[in-house]
Amino acid sequence: MPRAMRPGRRAALGLALAAPALAIPARAQGPLPWPVRGIRLVVPFGPGGPTDVMARALSHGLPPVLGQPVVVESRPGGGGNIGVAHVARAAPDGDTLLVTSTGFVVNPSLFRNPGYDPVRDFAPITELGASPNVLLARPDSGIESVAALVARAKAEPGVLNMANPGTGSTPHLTIELLRLKTGIEVVQVPHNSAALAIQSLLGGTTSIGVTALPPAQPQIKAGALRALALTGASRWPDLPEVPTMQELGYEGFVSETFQGLLAPAGTPAAILARLTAAAREVLAAPQIAARLRAAGFELRLAGPQALADRIVREVPLWREVIRAAGLPQE
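Heads up: the sequence shown begins at 1 in the UniProt record's numbering, then just goes up one per residue.
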């Protein structure tokens, strides 16, 4: 067993290691030596959901801009907490980034210990996009409207199973808002991604569900699922026949799922600035922007301050919804 290093030697070693850093101010002003190896975009949900779709759009567009490969790494579980906490603990060198959704600002109120602090542990890069949520029904369910859904749930309290993409997601809380406004009782069935929630609907495991629009839109257009209502402030251009909840008389019933790009706190400002510019360049490219809009995304590329403001605004907003719904902390 090696002997423990004496405090004096530890201090001397610390000074020796620090000395080179103090001796290179001129070099620090040269070109930023980043990235020098591949970049990981961690998605805290399973493949196929809207956050995964957004991350893959970035992963295809960023390599030509940054000169390094970019891979998407799915780390689902814990309502998204496992993947988010993993990035919070990663080295702040720009090589490990987080692409996440609204659950990022919800989970600190829904879980006693989500494993991260959304403000302290992360450096915002930019919001990427946002989508309304959509209330869905299987065509063979006999439920053709929100009014029919409410009537069925009141006639059979606690019987209807409703799929959502995961605990803490805005679709999960959308169902809670509907419950608060109507007094219905339903059984929430959480999944690890929107894709899995939709599969449960298509497979008949559940008849009703709520997800963000992007993964559901192809199934709606194909007639495999029926859209009962959207939770946006206005109708969606590609689904003009689907009403909003506000149009149906649910005043203030507006919720959306956003996607954001973040780095571990302490990431150098120069790297954050380059990532912000690169993400804007990739997602604003006409072909990619058109594809994402057709898939159900409204692009939001306002930069780090806009995302920071949204985080600070929405953490207490969703805390109040969770409190009003009486949801227990997990």
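All C-beta atoms, glycine included, are put in the ideal place defined by N, C-alpha and C.
All values derive from a computational prediction rather than experimental measurement.
Counting only the same chain and skipping the five closest in sequence on each side, list residues whose C-beta sits under 6 Å from that of residue i.
i: V189; result: N161, A163 and T206
i: V210; result: N133, L135, N164, P171, T174 and I175
Do you know whose CA, among the options, lies nearest residue i's CA?
i: G78; options: G166, I184 and A130; result: G166
i: I208; options: A137, L327, G142 and A278; result: A137
i: R120; options: E241, Q287, G266 and G80; result: G266
i: E241; options: A227, G249 and A233; result: A227
i: N192; options: V36, R319, R75 and H60; result: R75
i: E256; options: A285, R319, G129 and A148; result: G129
i: T83; options: A306, E247 and L98; result: It is Gly, not Thr, that sits at residue 83 in the sequence shown. The option with the nearest alpha carbon to G83 is L98.
i: A195; options: V43, V42, P44 and G48; result: G48
i: A55; options: A279, Q287, R313 and L317; result: A279
i: L307; options: V187, E320 and L261; result: L261
i: A123; options: A324, R319 and P264; result: P264
By Cβ distance below 7 Å, which residues in the same chain neighbour residue i in space, the five residues on each side in sequence not counted?
i: P214; result: P50, V53, S131, A295, G296 and F297
i: P118; result: F104, V105, P108, I311 and V315
i: Q329; result: L110, F111 and R112
When DSSP builds the beta bridges, which residues end up paired with residue i?
i: M162; result: Q188 and I208
i: G260; result: T100 and E127
i: S74; result: V43
Can you give the Cα-Cα distance for residue i and residue j, rounded to whole angstroms?
i: A26; j: P33; result: Caution applies to A26, whose pLDDT of 35 falls short of 50 and renders its modelled position unreliable; the model cannot decide the point.
i: V71; j: I39; result: 6 Å
i: L299; j: V65; result: 19 Å
i: G326; j: T96; result: 36 Å
i: L178; j: K154; result: 12 Å
i: G252; j: A277; result: 35 Å
i: P268; j: G94; result: 8 Å
i: L272; j: S234; result: 33 Å
i: P304; j: F258; result: 14 Å
i: V146; j: L225; result: 14 Å
i: A216; j: L202; result: 11 Å
Which two residues bound the contiguous beta strand (DSSP E) that contains residue i?
i: G326; result: G326 -> no beta strand (DSSP E), and no H or E assigned at all.
i: N133; result: F122 to A137
i: A229; result: R226 to L230
i: I39; result: I39 to V43
Among the residues of its own chain, which have a CB less than 8 Å from the CB of residue i, if the five just before and after it don't count?
i: R291; result: A57
i: A302; result: T126 and E127
Hey, could you find the ends of the alpha helix (DSSP H) residue i is sitting in?
i: I271; result: A269 to A284
i: G61; result: P50 to L66
i: G83; result: N81 to A88
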